[in-house]
Amino acid sequence: MVRVLVVEDDQFVRSALIRHLTDAGHAVRSVGTALEALREVAQVGFDLVVLDLGLPDLDGGEALKMLRGLTDVPVIIATARDDEAEIVRLLNDGADDYLTKPFSVEHLSARMAAVLRRSRGAGPGAEPPSRVIRVGGLAIDPLRRQAELDGTALDLTRREFDLLAFLAERPGVVVARRELLAEVWRQSYGEDQTIDVHLSWLRRKLGETAARPRYLHTLRGVGVKLEPPR
Numbered sequence: 085m086v087r088v089l090v091v092e093d094d095q096f097v098r099s100a101l102i103r104h105l106t107d108a109g110h111a112v113r114s115v116g117t118a119l120e121a122l123r124e125v126a127q128v129g130f131d132l133v134v135l136d137l138g139l140p141d142l143d144g145g146e147a148l149k150m151l152r153g154l155t156d157v158p159v160i161i162a163t164a165r166d167d168e169a170e171i172v173r174l175l176n177d178g179a180d181d182y183l184t185k186p187f188s189v190e191h192l193s194a195r196m197a198a199v200l201r202r203s204r205g206a207g208p209g210a211e212p213p214s215r216v217i218r219v220g221g222l223a224i225d226p227l228r229r230q231a232e233l234d235g236t237a238l239d240l241t242r243r244e245f246d247l248l249a250f251l252a253e254r255p256g257v258v259v260a261r262r263e264l265l266a267e268v269w270r271q272s273y274g275e276d277q278t279i280d281v282h283l284s285w286l287r288r289k290l291g292e293t294a295a296r297p298r299y300l301h302t303l304r305g306v307g308v309k310l311e312p313p314r
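Using my numbering, the letters of the sequence shown map in sequence onto residues 85 to 314.
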C-alpha cells in the first residue's frame, strides 16, 4: 500500500483523485493549501506527494522548495501550466515528475509507479537482499525501509528513517551537522533547527529525551552520534 498525499485546492479534482487512488488500494490523505501540506508531511510519513501549483496560500513552486527542506519524498507536480521553462525549473528544484492537466487517472498511476520504482532503486517486482544494521536493540533494514526497537516496529517518517539509518551505519561516530544536511537532507546549507526538530521526533519514538539519551547523543557545537546504551 502506497501512502499518498494529494495537495489540490479544486474540490472536484481532489475528490476524483482521492476516489481513484483509494480504489487502486492506496492510503490517501488530502489537503487544499501549501501550509497544510507542509504540516502533513512533517507529521505523517508518505511515499509520494501529488502537488498542484495553483494553491490559494502559496505558489506550488515555493511549496516544493519548502517540502524539499523537510523530506525527499517523491513529488509529482500536477497542474494546468505547460510552460517548458517552468517545467525544467521545477524538475531542477526537486520535482520527480510533471503532469499537465487534464490527464487520465491511468496516466497518473503509470507515472506514480515509475517514480516509486526509481525512488526505491529497484526494477519491477525486484526484491533486493536484506542487509540489517544492528545497534543495541535497534534493527534497521535500509532496503526495505523498516526499523525495529527491541523487536517492536518503529513508525518513522521518511526523513526520520533516513536520519536513523545514516547514523546507525556509523555507530559511535560523531557526525557533523553539516554532513547530516548534505547526506540526509541533500542540502549544502540549512537551519540547525531542522535537524533538532527531527532528532526530537526520533528520540520520542526511541523512548528517550535529550536530557536522558539512550541511543542519540548530541555533542554541542560538534554533531550527533548513535551508539548502543551502556
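The beta-carbon is built from N, C-alpha and C at its ideal position, and this holds for glycine as well.
No experiment lies behind these values; they were computed from the predicted model shown.
- The straight-line gap separating the alpha-carbon atoms of Leu119 and Val125 is approximately 10 Å.
- Note that the C-beta distance between Arg165 and Gly138 is below 9 Å.
- In the DSSP assignment, Lys149 falls within the alpha helix (DSSP H) that extends over Gly144 to Leu154.
- Approximately 18 Å separates the beta-carbon atoms of Asp167 and Lys149; this is outside 8 Å, ruling out the contact.
- In this structure, Leu192 sits near Ile160, with a CB-CB distance shorter than 9 Å.
- The Cβ-Cβ distance between Asp181 and Arg195 falls below 9 Å.
- Per DSSP, Thr106 is not a residue of any beta strand (DSSP E); the alpha helix (DSSP H) it occupies stretches across Gln95 to Asp107.
- Annotation for Leu233: Gly221, Leu222 and Leu290 place their beta carbon closer than 7 Å to its own, counting only its chain and skipping 5 residues before and after.
- Between the alpha carbons of His282 and Leu154 lies a gap of roughly 9 Å.
- The Cβ atoms of Asp246 and Asp156 sit closer than 9 Å to each other.
- About 6 Å separates the Cβ atoms of Ile224 and Leu248, confirming a contact at the 8 Å cut-off.
- Taking the C-beta atoms as reference points, Glu263 is found nearer than 9 Å to Gly307.
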